[in-house]
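For reference, the structure is listed below as structure tokens.
Given below as structure tokens:
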């Protein structure tokens, strides 16, 4: 068995016992299975990729094959169907992250979102000094062939939340090994590589 | 590929009258069926396969001396997605059929004559009730899964609603929760083709020692058309000509015409499909609407179901499009049911559920393995509790 990603362990800390969870872009279902065993959660995964779908079925996940870009998740689920709607490392690949955020917070009471920080200092340095689009471990793709069509910084994301009346309940900023350092708390948008956000609608 | 080899059909004589949805009563009836694999000691590994419109109980394996295997042989056998090394597979010919179960070609015990057009209208519900008799006869407490494509998928849905305790998993493939106006319209044209054939004789064609071959062939041509996708016909035939040139007459000129005529001809003559059966099957499709008994609310209908579901649709299927499967999935999600949905990329239209496809096979195999694992796990659970 592949070891549990540290990101999943961080997410599990936020999940209430026996919560209902929807995982958008659930891949082979590892996170959902982990949450099931750690937090006794129930729920569904959504995944577009056929091979990942098969692996999720093998893993015993209730997986709905769906394209988040062309399919409205609100067609499938009513308001407040889930305690958490989770999307890990996929915000930057969807066509309209802003609309998807609204949908996630409509069908879920809270959402948990993780994404790479485009404002990480190495990205900034590559653009500033190298004069080229950043390409590194966290962002391995070339600019012309990448699923990441909507990269943003932590600041960008938080600004969008503010504009949309979304409250950031919790935020964890980590490096690529999902560890946090003392300095990161002072300059997260410079030093953080990945962020985990827990958000909800402002009442 | 592995085959289960030679198979032999069996017949169950049911003496209990069947009260049908139409109000008619079948005083007694036969169900022709086949089984493959071995029923385990606690009889927990049984699968029921439900067949589609022109299908029958010969799902897999070969009849002695026959070159062609059963209609779903590709997916059923040792090591195949429906693995006969693990499961005991059962399939019966639907009532009203023409391959061994009581139907329009059988003798009506009350008159001593062939039923013909007097065979009562059957519905999905009636089929499920009759299949339940077969379940009782085989001593199976609950099916590990009921599986079906197209009209077979409708019977699967009916099973989950009518006998929730008797079905653990439901696999609904290329199906729909009810027919659309367009679906019914196609069926009506098929029926008109048969019923207006001069050889139909108000359904008493056997008594007249003839068959409405032309009508039946036309109905099949139309049906076949709805099983294929525009894309596929484009790739397979395009505008290809049979003789390489246009003749400017009404003979068969395009390859697609020749193909369709062949399909119609084969169905009406070689397969010897009964025209009254065809009429009955299309009617059963038209009537299928489980939500109707629940304020036209499919979610309410599916609230009775306790099975776990796998729903599969194919991208180019326009007879029962993925949208129709979404309706089923949505109704199940409304009930927080266990459901997995796969949308398979295929250019083969409705027919895709019978054809090879890597993704389809992968999904099918993965889900069936899960059922097999559940079976292995359940005795332990019983001990624990």
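Residue numbers (the working numbering), protein chains in the order written: chain C, 908 to 1110; chain S, 6 to 390.
Beta carbons are placed, not taken as given, at the ideal position from N, Cα and C, and that holds for glycine.
Taking all protein chains shown into account, decide if residue i is buried (16 or more other Cβ within 10 angstroms of its Cβ) or exposed.
i, result
"residue 231 of chain S", "buried"
"residue 170 of chain S", "exposed"
"residue 19 of chain S", "buried"
"residue 1093 of chain C", "exposed"
"residue 1004 of chain C", "buried"
"residue 319 of chain S", "buried"
"residue 117 of chain S", "exposed"
"residue 105 of chain S", "buried"
"residue 131 of chain S", "buried"
"residue 251 of chain S", "exposed"
"residue 142 of chain S", "exposed"
"residue 1017 of chain C", "buried"
"residue 1047 of chain C", "exposed"
"residue 985 of chain C", "exposed"
"residue 145 of chain S", "buried"
"residue 1088 of chain C", "exposed"
"residue 333 of chain S", "buried"
"residue 317 of chain S", "buried"
"residue 331 of chain S", "buried"
"residue 954 of chain C", "buried"
"residue 389 of chain S", "Annotation note: pLDDT 43 at residue 389 of chain S (below 50); position unreliable, coordinate value reported separately. The residue in question, residue 389 of chain S, is exposed, as its Cβ has fewer than 16 Cβ neighbours within 10 Å."
Terminal residues of the continuous alpha helix (DSSP H) containing residue i?
i, result
"residue 1017 of chain C", "Premise fails: residue 1017 of chain C lies in the beta strand (DSSP E), 1015-1023, not in any alpha helix (DSSP H)."
"residue 331 of chain S", "327-339"
"residue 38 of chain S", "Residue 38 of chain S -> not in any alpha helix (DSSP H); beta strand (DSSP E) instead, spanning 34-41."
"residue 964 of chain C", "957-965"
"residue 269 of chain S", "260-270"
"residue 291 of chain S", "280-292"
"residue 972 of chain C", "Unbroken run through residue 972 of chain C is the beta strand (DSSP E), 970-972; no alpha helix (DSSP H)."
Since residue i meets chain S, which of its residues come closer than 9 Å, beta carbon to beta carbon?
i, result
"residue 970 of chain C", "345, 346, 347"
"residue 1014 of chain C", "Within 9 Å Cβ-Cβ: nothing; residue 1014 of chain C doesn't reach chain S, min ~11 Å."
What does residue i reach in chain S if we use C-beta pairs closer than 7 Å?
i, result
"residue 1047 of chain C", "Those within 7 Å of residue 1047 of chain C in chain S number zero; the least Cβ separation is about 27 Å."
"residue 961 of chain C", "367, 368, 371"
"residue 967 of chain C", "375"
"residue 957 of chain C", "364"
"residue 1019 of chain C", "Going along chain S, no residue has its Cβ under 7 Å from residue 1019 of chain C, so there is no contact; the nearest lies around 20 Å."
"residue 1056 of chain C", "Per Cβ cutoff of 7 Å: no residues; residue 1056 of chain C is ~22 Å from chain S at best."
"residue 911 of chain C", "None at all; the shortest Cβ gap to chain S is about 22 Å."
"residue 918 of chain C", "The premise fails here: residue 918 of chain C is roughly 22 Å from chain S at the closest Cβ pair, so nothing lies under 7 Å."
"residue 1106 of chain C", "What residue 1106 of chain C touches in chain S: nothing, since even the nearest Cβ is about 23 Å away."
Measuring CA to CA, which of the options is closest to residue i?
i, options, result
"residue 1085 of chain C", "C:1100, C:969, C:1000, C:1008", "C:1100"
"residue 911 of chain C", "C:940, C:953, C:1103", "C:940"
"residue 16 of chain S", "S:8, S:26, S:7, S:33", "S:33"
"residue 382 of chain S", "S:49, S:40, S:35", "S:49"
"residue 982 of chain C", "C:1010, C:1034, C:1079", "C:1010"
"residue 355 of chain S", "S:190, S:270, S:45, S:154", "S:154"
"residue 262 of chain S", "S:275, S:223, S:37", "S:223"
"residue 305 of chain S", "S:136, S:339, S:376, S:113", "S:339"
"residue 324 of chain S", "S:297, S:162, S:209, S:178", "S:178"
"residue 1076 of chain C", "C:1105, C:1062, C:1064, C:969", "C:1105"
"residue 296 of chain S", "S:336, S:253, S:352, S:138", "S:336"
"residue 1061 of chain C", "C:925, C:930, C:919, C:1021", "C:1021"
"residue 329 of chain S", "S:182, S:135, S:175, S:98", "S:182"
"residue 134 of chain S", "S:273, S:23, S:235", "S:23"
"residue 10 of chain S", "S:42, S:29, S:248", "S:42"
"residue 921 of chain C", "C:942, C:1015, C:934, C:933", "C:942"
"residue 99 of chain S", "S:289, S:359, S:344", "S:289"
"residue 315 of chain S", "S:176, S:103, S:124", "S:176"
May I ask which residues mark the beginning and end of the beta strand (DSSP E) holding residue i?
i, result
"residue 346 of chain S", "344-349"
"residue 97 of chain S", "93-97"
"residue 313 of chain S", "313-319"
"residue 53 of chain S", "51-55"
"residue 1107 of chain C", "1101-1108"
"residue 931 of chain C", "927-931"
"residue 953 of chain C", "949-954"
"residue 17 of chain S", "15-19"
Interface residues of chain C around residue i at Cβ under 8 Å?
i, result
"residue 380 of chain S", "Chain C residues near residue 380 of chain S: none, gap ~14 Å exceeds 8 Å."
"residue 52 of chain S", "The premise fails here: residue 52 of chain S is roughly 17 Å from chain C at the closest Cβ pair, so nothing lies under 8 Å."
Taking C-beta pairs closer than 9 Å, name the residues in chain C that residue i reaches, listed in chain order.
i, result
"residue 334 of chain S", "971, 983"
Can you pull the chain C residues whose beta carbon is under 7 Å from the beta carbon of residue i, in chain order?
i, result
"residue 338 of chain S", "983, 984"
Residue i versus chain S: which residues are under 8 Å apart at the beta carbon?
i, result
"residue 1006 of chain C", "The premise fails here: residue 1006 of chain C is roughly 20 Å from chain S at the closest Cβ pair, so nothing lies under 8 Å."
message: Which residues of the stretch 980-1000 of chain C have a Cβ closer than 9 Å to any Cβ of chain A? Give them in chain order.
response: Protein chains C and S are contained in the structure displayed, whereas chain A is not.
- Query: Which runs of the beta strand (DSSP E), 3 residues or longer, sit entirely within the stretch 199-253 of chain S?
  - Reply: Within the stretch 199-253 of chain S, not a single complete beta strand (DSSP E) segment reaches 3 residues in length.
- Message: As an exercise, report each continuous beta strand (DSSP E) stretch of at least 3 residues that is fully enclosed by the stretch 977-1018 of chain C, in chain order.
- Response: Those beta strand (DSSP E) runs which fall completely within the stretch 977-1018 of chain C and span 3+ residues are 989-995.
| task | Give, in chain order, every unbroken run of the alpha helix (DSSP H) that is at least 4 residues long and sits entirely within the stretch 1028-1093 of chain C. | result | Entirely contained in the stretch 1028-1093 of chain C, the alpha helix (DSSP H) runs reaching 4 residues are, in chain order, 1028-1032, 1061-1071.
Entirely within the stretch 122-199 of chain S and at least 3 residues each: give me those beta strand (DSSP E) ranges in chain order.
Listed in chain order, the complete beta strand (DSSP E) runs (minimum 3 residues) inside the stretch 122-199 of chain S are 150-154, 174-178.
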